[in-house]
Structure formats: structure tokens, C-alpha cells
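Residue numbers (my numbering): 320 to 513. Comments concern the structure below.
Dropping the structure here:
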């Protein structure tokens, strides 16, 4: 006499079939317990499939927003100087630094061109830190970028000149302090800000 491999019941006849666990030869259960186990297994497979689908869907929703990069309409050699502006909270506290060293101009240019940006809207918070950049070109024109820091790894980079507004997790505001510690920050009138 054989025992049911699913429920352990004694079996009188030796029949084989393909069960729900794959292509395994196993005797049928005389008490119907195998059918119950097969139903539970089928329900478990459905639940796993549903959970997997939800995880995939949430991953796709979390990755929404096209990625973008800045493509300047000028070359780094066309930049005469970069005026950096910074204020925390209110524009009346704005300060200005002028970057003229070629190495610093190149560092800023390359940093902006290499940024990974997302095309998604971000709510601006009141009292945010704002760092602006005005690229003054040799032909007398300028190109402006404004970075609004809304929190840790959350900011908005926008440009009326370039006609865009992107989300970034880069800390662009750190360039105000880190670029060249020798640059002097001078107070600036609010009307001069980009």
C-alpha cells in the first residue's frame, strides 16, 4: 500500500497523473485533499503574479518623467564670464560672484551639460535657497539658469533663455561655496537678478 505524497493517506490503487505542481507522477488522493492543495497552490500563484504586477507598475510610475540634459546653444570658449547670484529666502539678501577663470568657467559649463534632469513639475517652497547663473558671452548676449533648492536632493533648474524647467537631485547650490573660495561675494540689487 502506498501513501499519498500530499496528505499522507493510505492509497489502495496505484494511479498516476500530472498534478498542479508540474510534470510529476503522483497518486491521486482519495480524500480530496490534493484538490484542496492544488487550489491553494493556484491561489498562491495568482497572488504572486498580482504582487509582481503591482511592483512592476509602481516601479514604472516611480520612473515617470523623461530624462533630459542641457544642450547649451554656445561653446565653453564663447563664455567671457559667469555671474553667480545667491540668496536664501528673500531676494533682498542676494549676493553676487563673478567667475572669470577659464578653469572655473569650464567646470560650471561641463557640470551643467552633464547633469541628469527630469521633466517633471516640482512645487516651489517659500524661503528656498536660490542660486542663479548668467553666462555672459563674447558676442554681448547672455544665457541664464536659475536653480531653486526645495530640500535635500530636490531642486528645480529653469531657464527663460533656454525655455525649460527641470527637476534635479544635484546640489547645484553647493557651487556657490565650493567653486572658488577666493571669489568675493558682494551684495547686489534685486533688479540685477536673473
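We treat Cβ as the ideally placed atom computed from N, Cα and C, and that holds for glycine.
- [ ] Compute the Euclidean distance between the alpha carbons of residue 421 and residue 408, then round it to the nearest angstrom.
- [x] 31 Å
Task: Reduced DSSP category for residue 431 - H, G, I as helix; E, B as strand; rest coil - done: helix
Task: Segment contact, 8 Å Cβ cut-off, at least three pairs: the stretch 426 to 436 with the stretch 382 to 400 - done: Counting Cβ pairs under 8 Å, three or more are found: they touch.
Task: Spatial distance of residue 440 from residue 362 (CA atoms) - done: In this structure, the straight-line span from the alpha carbon of residue 440 to that of residue 362 is close to 41 Å.
Task: Limits of the beta strand (DSSP E) - the one that residue 448 falls within - done: 448 to 456
TODO: Answer with buried or exposed for residue 450, where buried requires no fewer than 16 other C-beta atoms within 10 angstroms of its C-beta.
DONE: buried
Task: Pairwise C-alpha distance: residue 454 and residue 398 - done: 6 Å
Open item on the list: Comparing C-alpha positions only, which one of 466, 402, 504 and 487 sits nearest to residue 478?
Closed with: 466
Task: For residue 417, three-class secondary structure by DSSP - done: Judged by DSSP in its simplified three-state form, residue 417 adopts strand.
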